[in-house]
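Asks: Sharing a structure, written as structure tokens. Questions coming.
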Amino acid sequence: MRAVRRIGAALTRFWSGLISTPIRDGRLRDTGWPAGLRPVVVVGVVAFSLAVLLILLAPAIRAASPLSVSVGATVLSLPRLVLPTIFWLIILSIALVQSAALHLRARTAVVLTGMTVLVLLFLGSLDLGADGEGGLGVTPGKVVSIVAALALVVLTVVRHRRGFAWWEFPAVLALVATAAIVALGRSAEQSAAFGLDFGPPTASLVMSSIGQLAVPAALAAGVAVAEFAITAATAAVGALQKAPTPAAESTDAPAAAAPPTSLPPAVRAVPVLLLVAFLLVAAWRVAELLLALLLGVGANVDPGDLPLSAAIVGVIALLWWVLARARGDSAARISTVMSHLDSVAFPVAVALTVTLAPVVALLLLVQVLNAWGLDPAATGGALVLADALRSSLALAVVRLGVGLGLIVLAVLLARRGRRGAPELLAAIGVLAILSAAPSVLESRLPWSSPALAVVVALTTIVLAVALAARRRLTARRLALLLTALLLSAAAAWRDVLADPLSAVIGASGLALVLFGFVWGFLTDADITHGDSRAYPRPTRVLLFLANAVFGVTVLAYGALARSVDAGIDLDAFAQFGDQLLGTAVILAAVMAVWAATMSADSRAPRSTVAP
Amino acid sequence: MDPDSALPATVAPRSARWLAAIMVPLVVLVAGIGLDAVDQIAPEPLGGESARYIPPDGHRTVLRDSAGALVVAEHSRSVGLEGLLAAPPAVAAAVLARLGDEEARTAQWWRVTRTDDLGTTTTDLYRLSTDGVAQVAAWGGAVGFVFEPELLLLPAVVRAGDAWRASGSALADGALTYDAESTAFAATGPFTGVEGAEVPLTGGCIGVDSSVRIAAPTDALETVLVDATVWCPGRGAVWSSGTVDGQSVGQAEERPVAVAALDRGLPPVDAVAEATGLAAPQPLPLVVIDPFFGERDGSVQFALPPVALADGRIVVANDRGDDLQWWRLEAQRAELDAAAHPGGTVIALAAIGDGVAATTAQRAVVAYDGWGRRLWQWRGPELILAPPLAVPRADGPPDVLVADRGGQVTLLAGDTGSPRWSVALGADARAPLELVGDAVVISDERGRVQALELADGAVRWRVDAGFVEGAAAAPDGSAVALQLDSGDLAVLSAVDGDERFSARYPGIARSLIVTADAVLALSDERLLALSAVDGSELWRDRGGLALLGAGLGAGDPVVVLDADGLRLHAGRDGALLDEQRLDPPPVSATRRAVVAGSAVVIVDSDGRVTRSVLR
């Protein structure tokens, strides 16, 4: 019975470390919300849940309902009945973000309001006129969109720097929805006369125009699998470490803090458990490597990828050391590193996609101007500029710049004594520079996540052998090394975490993004718990909801179209986020674990899991 | 920040909380209702109770006439002006003038196109209205009609014993007049065809005895049609028998799974042996010839990439009316050779032997012969986005391999459309199918690429290659090249899927060709030629819209389609052999091209067709 209890307790701790604690700490919750915010949050949560449900049920919805198909450069097929729901979700997102913009600092408010105004004018431009006379006609859709846009600008000016009021969101929503309903309604009426269904092409136009604004969220979502894998690794080791004694549970200290012989039998067993677990995982990692290299089965490890992968690990380790020196202190712990992930991932994602917002603005502007009668030839320059901003070269330059900038920023932050964030930024910086290299060099760089995993695993095993040989392999170090081994597995196999979802949905990219969005929605709302003059708490909540609802709506659109790139290829961006941010986070976590292992630190160890 | 912004909910005015709790969901709900209200859904079908006799869009009827000839009829249903787009201008103008713009926008149409054993195609246009089902016009035959008022075939409510009559003009300005009398009768049968087979009467059929006299006021020309027609729900007219000017006519529905293909009889067009140049691009006006109404310009929108047939014709999907069209490229113009309506929007097209297979929004695969006669159709569980693949057979017409979006791969018998085997990929299918020897290579949305045995669909090999944008097989079937969305270009062995070599390409993937000695990958930024042996770079040039192989032999030239021109490159070293300028397409149009025989045919989605002959 004792064994069963111990296993039960370990599983409970694992579950707590992996699921309960991150959700408890990171969920959206009332932290002194003003009156009237709660109903808006309820609306946002319902909208988010509805969009997730649409994604999960997309294959069944498609099978059960008629599909509306439009054929152009790509084929777009949608279950026609759910299209109004997609428009509704988009309009909700716009209303949420504009409601947030009312109370943001001026420059951010200008950017967000400018984008909302462009979207409204763009929706209005869909009303070309009953006779199809085109842009020169002044149509009700255009007029209403201008009135709504002006009203939003006035509202933003009047309410700027005032406190949140409950009526702001319904007022903004009413303005946005009125403009959308008039424009979409008239556009539908005009198309129907020609036997055409306006819905899917309009939805496609809207999604391809503004869907790109969900890219930063998708990039950040891509890191969720890695984050989850790291949490799983640390939670597993944390669960193994802890003995079910009242003392151990109350102090949250691993058994290795005291000499094993002085502890009860149940506690003395923990190092054995750790040792067995370490040996098993080490055997698994070595066997997998041998199978991959000798028989070509299992992990896809190319021996040619190993040298550069080792160099990448080396460079990050070097940067780790430089940052510690710059700080004049020891290296950051894994919990410290992970605690900065949420605040780092999204801004980095925005920086990596910094050209997208101008591209969206240009595309919207061109369409609005053309609809108002400007000669398309006159706006050709804007399209050329938009194309240039989306070119491989522009992307490579941005990645290089962001990569170098992040490394510089990491050093500056470390000099100011910051811990955790610099290490994370440096690792991401290295990977960002690497991601630019294939475009610049026009050649694939020989490294891969499985190869990195091999380097991490082998280094960890060598480290363990060296420490054992020097009789310094304590239970705590063993636990840390076991964490490093599990992290190496996470580097190689983290995609598997999204596999059950991808089997349901039928597309791994979709599953990866959905996993990221849902996990982020559940655990990344800690930013809404804060408050500041520039970003008041209600604004944070509204922005969080807007980002989540819009991202998952774009994904739902792709899922219902059974084409993840129907609007914008979120899948590719999430994969990129996983490859860049996810790999960087895992390597940063590995560095933290190695640094802790190597340190002669004899502090009373705490859980390796960030609470 | 206002002091009240940070007020905890507990001290906020209770009225504000109540108002928020009511108003926020209310406005959200009203916005949703508003969006739903303005969303256009398909209107309720007009035609009263008689609408139930009208076949759905895309339905096929096979009829055998009293002479023993087989007639394949296709049914089209549409709403609004779209219903008139296929009609000759004289017909469309007359109908529009009579109905008026407003009524024409909401009119509900039923169009029946019949093709007989001789390849003769005739079309009847009907309108469903509150009055019932009435014939509007007929064209394609030796005589055409435009009925004004419309010739009522079935009143909105019709019972055995009901009688009705109509009279009016049968051609514009009363050049022909009509006078019709009809009486409904209980269709209890039996009704048999010319071969004695009984036509099944299902769902409550009704018969109509009618007499139609068509006369020319200016001369003594008069035609009298007397017949009895049986209508069955969802099937249209399934049996008829009568006389035309005393001569017996009639037809009866048959229900074969498939119709045998008829040879179109056009000779194959040879490809140019060693192209070294491109002739100046020549615009080809599209012309539709009607035996009665004469020639008219073709008003079309090409939504899909065109398909070239061995006889030099191109097949396109016309977005206006969702029709398949076979265009014959003559010296100075393109003439419509045949047309068909598979039903719903056409999604993908492929040449299958001498025929064509189309996939549609009705989740169907529809096969046609060279005359545009529908041979068979098969419905799957999901849309089929990738063009069907012809799988040659030694003992008959090629089979048709399709992969639906849901990942179901099915091999259909080429002669009947019945599935030979079907397997699930376990993920959504992604890129086009590629035939590699006796296997087919297909990729999915989980980043896997697999080769399936053509014999039974068994997996020969499966690799995690990434997300595939395009695939092409080596001419000898030894390898398959993949253009991945990651910017990688990978060449895999067809035997076991092992990677032979890989390379990078910049930009967005457009086309991929594998010749005997090279792998040619085109993106919007680069044309890259690699050695098929070891992947070493042979040459490079700027990108384009599409890459067309003039041949697949070693060193054969390739044609690159740009937005504003065509380039002919030597396959061996990439040397620019020739270049021709094209007028750029409108911003809203998509430009595509296909090699048809010895010519490159450029097709813009707005209906422009241009030809440049390889020489």
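The listed protein sequences correspond, in order, to chains C and H.
When you line the first sequence up against the working numbering, it's residues 190 to 800, in that order.
When you line the second sequence up against the working numbering, it's residues 316 to 930, in that order.
Ideal Cβ placement from N, Cα and C applies to all residues, glycine included.
1. Can you grab the Cα-Cα spacing for the pair L350 (chain H) / A481 (chain H), in whole Å?
2. Is the region 368 to 375 of chain H touching the region 385 to 399 of chain H in the sense that three or more CB pairs, one from each, lie closer than 8 angstroms?
3. May I ask which residues mark the beginning and end of the alpha helix (DSSP H) holding L651 (chain H)?
4. According to DSSP, is N489 (chain C) helix, strand or coil?
5. Suppose the cutoff is 7 angstroms on Cβ atoms and the five residues either side in sequence are ignored; what does the same chain contact list for W776 (chain H) look like?
6. Can you list the beta strand (DSSP E) stretches of 3 or more residues lying completely in the region 581 to 623 of chain H, in chain order?
7. Would you kindly report the start and end of the unbroken alpha helix (DSSP H) that includes Q895 (chain H)?
8. I'd like to know whether the C-beta atoms of L670 (chain C) and A653 (chain C) end up nearer to each other than 7 angstroms.
9. DSSP state of R792 (chain C), grouped into three classes?
10. What are the uninterrupted segments assigned as alpha helix (DSSP H) that are 4 or more residues long and contained completely in the region 326 to 413 of chain C, given in chain order?
11. Nearest by alpha-carbon distance to S628 (chain C): which of H:L414, H:S801, H:A788 and H:L750 is it?
12. Among H:G362, H:D871, H:E840 and H:S851, whose alpha-carbon lies nearest the alpha-carbon of P470 (chain H)?
13. Could you tell me which of C:A368, C:V504 and C:G318 sits nearest to S334 (chain C), measuring between CA atoms?
14. Using only CA atoms, which one of C:L463, C:I370, C:A615 and C:T648 lies nearest to P273 (chain C)?
15. V706 (chain H) and D714 (chain H) - do their beta-carbons sit closer together than 7 angstroms?
16. In terms of residues, what are the limits of the alpha helix (DSSP H) holding S238 (chain C)?
17. Along the beta strand (DSSP E) that carries E477 (chain C), what are the first and last residues, could you check?
18. Roughly how many angstroms lie between the CA atoms of V774 (chain C) and A678 (chain C), to the nearest whole one?
19. Where in the region 704 to 763 of chain H do unbroken runs of the beta strand (DSSP E), each at least 3 residues long, occur, reported from the N-terminal end onward?
20. L491 (chain H) versus chain C: which residues are under 9 angstroms apart at the beta carbon?
21. Taking DSSP's pairing of strands, which residues face C547 (chain H) in a bridge?
22. For E645 (chain H), is the classification buried or exposed, using 16 other Cβ atoms within 10 angstroms of its Cβ as the cut-off for buried?
23. I want to see whether chain H comes within less than 7 angstroms of E631 (chain C), judged by CB atoms only; does it?
24. For the region 659 to 675 of chain H, which residues have a beta carbon sitting closer than 9 angstroms to at least one beta carbon of chain C?
25. Which residue's Cα is closest to the Cα of T435 (chain H): H:G772, H:L853, H:G687 and H:V910?
26. Report the residue from H:L853, H:N633, H:S758 and H:Q566 whose alpha carbon sits nearest the alpha carbon of S920 (chain H).
27. According to the neighbour-count rule (16 or more other Cβ atoms, all chains shown, within 10 Å of its Cβ), is G428 (chain H) buried or exposed?
28. Just to make sure I have the definition right: I need the residues of chain H whose C-beta is within less than 8 angstroms of the C-beta of P248 (chain C). Which are they?
29. Classify I337 (chain H): buried if its beta carbon has 16 or more other beta carbons within 10 angstroms, exposed otherwise.
30. Tell me the rounded alpha-carbon separation between G549 (chain H) and A573 (chain H).
31. Who pairs with F500 (chain H) in a beta bridge, going by DSSP?
32. According to DSSP, is S826 (chain H) helix, strand or coil?
33. Which bits of chain H does V229 (chain C) rub up against, with CB to CB less than 7 angstroms?
34. Do R661 (chain C) and the ligand FAD come close, with the Cβ less than 6 angstroms from some heavy atom?
35. In whole angstroms, what is the alpha-carbon distance linking G668 (chain H) and L651 (chain H)?
36. Can you give me the C-alpha to C-alpha distance between R605 (chain C) and L307 (chain C), rounded to a whole angstrom?
Replies: For this structure:
1. 44 angstroms
2. yes
3. Segment A649 to A655 is the beta strand (DSSP E) holding L651 (chain H); no alpha helix (DSSP H) there.
4. coil
5. Q765, A766, D811 and G812
6. 601 to 605 and 609 to 612
7. Taken as a continuous stretch (DSSP letters only), Q895 (chain H) belongs to no alpha helix (DSSP H), being part of the beta strand (DSSP E) at L891 to R896.
8. yes
9. Residue placement at R792 (chain C) cannot be trusted, given a pLDDT of 46 that sits under 50; the coordinates are not used to answer.
10. 329 to 348, 357 to 381, 388 to 399 and 404 to 411
11. H:S801
12. H:G362
13. C:A368
14. C:I370
15. yes
16. L226 to L245
17. Run containing E477 (chain C): none in the beta strand (DSSP E); it sits in the alpha helix (DSSP H), P454 to L479.
18. 14 angstroms
19. 704 to 708, 711 to 718, 723 to 727, 734 to 739, 749 to 751 and 754 to 758
20. Result: empty, since nearest Cβ-Cβ is about 29 angstroms, beyond 9 angstroms.
21. H:G551
22. exposed
23. yes
24. G659, T660, V661, I662, A663 and T675
25. H:G687
26. H:N633
27. The question names Gly, but residue 428 (chain H) is Thr in the sequence shown. Buried, because 16 or more other Cβ atoms sit within 10 Å of the Cβ of T428 (chain H).
28. G721
29. exposed
30. 19 angstroms
31. H:G522
32. strand
33. V339
34. This structure lacks the ligand FAD; in fact it carries no ligand of any kind.
35. 20 angstroms
36. 41 angstroms
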